[in-house]
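Notes follow the structure.
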Amino acid sequence: MYDIKWIRDNAKLFDEGLARRGLTARSAELLVIDDERRKAVTAVQGAQEARNAASKAIGQAMGRKDMAEADRLKAEVAALKDAMAEGEIEQARAETALNAVLEALPNLPLPEVPTGADEHDNVEYRRHGERPGFNFAPKQHFELGEAWGEMDFEAASRISGARFVVLRGELARMERALGQFMLDLHTREHGYTEVSPPLLVREQAVYGVGQLPKFEEDLFKTTSGHYLTSTAEVTLSNLVREQILDDLTQPLRFTALTPCFRSEAGAAGRDTRGILRQHQFWKCELVSITAPDQSGAEHERMLSCAEEVLKRLGLHFRTMTLCTGDMGFSSAKTYDIEVWLPGQDTFREISSCSVCGDFQARRMNARFRPKGERSVQYVHTLNGSGLAVGRTLIAVLENYQNADGTVTVPEVLRPYMGGVEQIGKAA
RNA sequence: GGAAGGGUGGCCGAGUGGUUUAAGGCAGCGGUCUUGAAAACCGCCGUGGGUGCAAGCCCACCGUGAGUUCGAAUCUCACCCCUUCCGCCA
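Under my numbering, read the first sequence as residues 329 to 755, first letter to last.
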């Protein structure tokens, strides 16, 4: 969400930013509405001022028992009311129109974000490790899981429909192990506080992170009017909504391991095999709340925390800086981490780390009072996956598979799996 | 689901139609005093908006929205949220 005053003072910057996002200039149109709004406000306030003065005089006249004067003033105020009502209607109209445009506009990219149309214009930031060599043709994750009878799409389909899965046995256990491992790493070594949040939330919480009103179709909504969270970013970021934090010299860092629910409305026919794109999946989320001057450094730190998960699992990945055309609605800059999947012979997104500046903070009304200062400021928010558990499971299966169709358990996961070193059935 | 009570500034909390500004306290900031600190005392101290070069002036905001009134934190209606008790329930 934008501050219209900022647009007034920075119309050119605003339009240039939108242009980099592939959007047309909006400042001229917005400033016309804003001008109408301010004219109405000024008119209404002038009338209110006159009314307040007259009302006060009425009280004083009645105190003196001067009823003639009181009646004369009452007539005066009555005349003001028509003008006021008219102005109020115009003011409400302009405010509604202004807000409707503003709340549907995405965040502006930071200067260093590469300009581009889609994912083809993303720029590699760095990479880690190397592609593992295989002396056999590596299978895709679902070929392994289905062969073991531990990844059951047919049962899931009978129970829930398409884009759901039932995991069983050691595969279910490995999914759980991955989530525990991530949570432990971020809480014990990276300074994040573990949170167990609600999965059903109010509309305003979803609005706060920018998923509403524009992306309602991507979400599941309950009969009670709640939304199922598509990511723990919603709950973790909203922990500071409508708050004025006393101080923010150190970032607040939250992590949560939760199921995530997505309708995948726009993804019909895409990634239909396997567990890559599901209506429900586990994700370990990272969220930081910082002062404005710290969000850039925190973004790099958060990215490193997410990458560390893959490093410890011994997985090859590359980190991309998303171009303007591929960034999410609320983001000012996003890094995607893409893990190597030998079964698919490609890199696939496994984490997305974004810094949102004060864009979400304005929607949530999340502020802080700098130490020793009187005025309040909006916080900066950051969110990142650390990591998507289902996709990490895919990566482990495909990268650690053996020629006989079994999978070696990565060292770091073994303590979480009762010391098991290998899972799956030999073909 | 039923019943009752409640929602006032960063926090607590008074305030049931006006004639001074939402009292007072806590926290915060500045000062006096002090070697320093604490205490005490003095002063400042809500948010958003309009207007103005500025100092300032003005408007709105007491959960939200309507209404009554010359005038609403206060009266009326609807809604939202919270708490407690009962019922149901893992």
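For each residue, glycine too, the CB sits at the ideal point set by N, CA and C.
On a predicted model such as this, the values are computed, not experimentally measured, just so you know.
Alpha carbon of residue i to alpha carbon of residue j, nearest angstrom
| i | j | result |
| --- | --- | --- |
| E404 | Q419 | 23 Å |
| L346 | E570 | 28 Å |
| I751 | V737 | 7 Å |
| G594 | E544 | 12 Å |
| V740 | M510 | 10 Å |
| N427 | S682 | 25 Å |
| E447 | E416 | 47 Å |
| P541 | F481 | 33 Å |
| R697 | S616 | 17 Å |
| V441 | A411 | 50 Å |
Assigned secondary structure, residue i (DSSP; H/G/I helix, E/B strand, else coil)
| i | result |
| --- | --- |
| Q468 | coil |
| Y535 | helix |
| Y663 | strand |
| V494 | strand |
| N338 | coil |
| N730 | coil |
| E452 | strand |
| P620 | helix |
| K333 | helix |
| K402 | helix |
Contact under 8 Å by Cβ, residue i with residue j
| i | j | result |
| --- | --- | --- |
| V735 | L472 | yes |
| E613 | S713 | yes |
| A660 | F687 | yes |
| E677 | T583 | no |
| A389 | A398 | yes |
| P579 | E626 | yes |
| S568 | A533 | In the sequence under discussion, the amino acid at residue 568 is Val, which differs from the Ser named in the question. In this structure, A533 does not lie closer than 8 Å to V568 by Cβ. |
| L513 | V637 | yes |
| S623 | G536 | no |
| Y330 | L430 | yes |
| V494 | A505 | no |
| R354 | T443 | no |
| F609 | G718 | yes |
| Y555 | E531 | yes |
| Y728 | Q508 | no |
| M655 | E666 | no |
Residue burial classification, residue i (beta-carbon count within 10 angstroms, cutoff 16)
| i | result |
| --- | --- |
| G295 | Lying outside 329 to 755, the shown extent of the chain, residue 295 is not represented and no answer is given. |
| I386 | buried |
| D673 | exposed |
| D664 | buried |
| R486 | exposed |
| S565 | buried |
| Q606 | buried |
| T618 | buried |
| W476 | buried |
| M502 | buried |
| K467 | buried |
Checklist entry - If you pair each beta-carbon of the region 422-433 with each one of the region 364-371, do three or more pairs fall below 8 Å? => result Yes, they touch.
Checklist entry - Are there three or more Cβ pairs, one per stretch, closer than 8 Å when the region 450-459 is compared with the region 641-654? => result Enough Cβ pairs lie closer than 8 Å, so yes.
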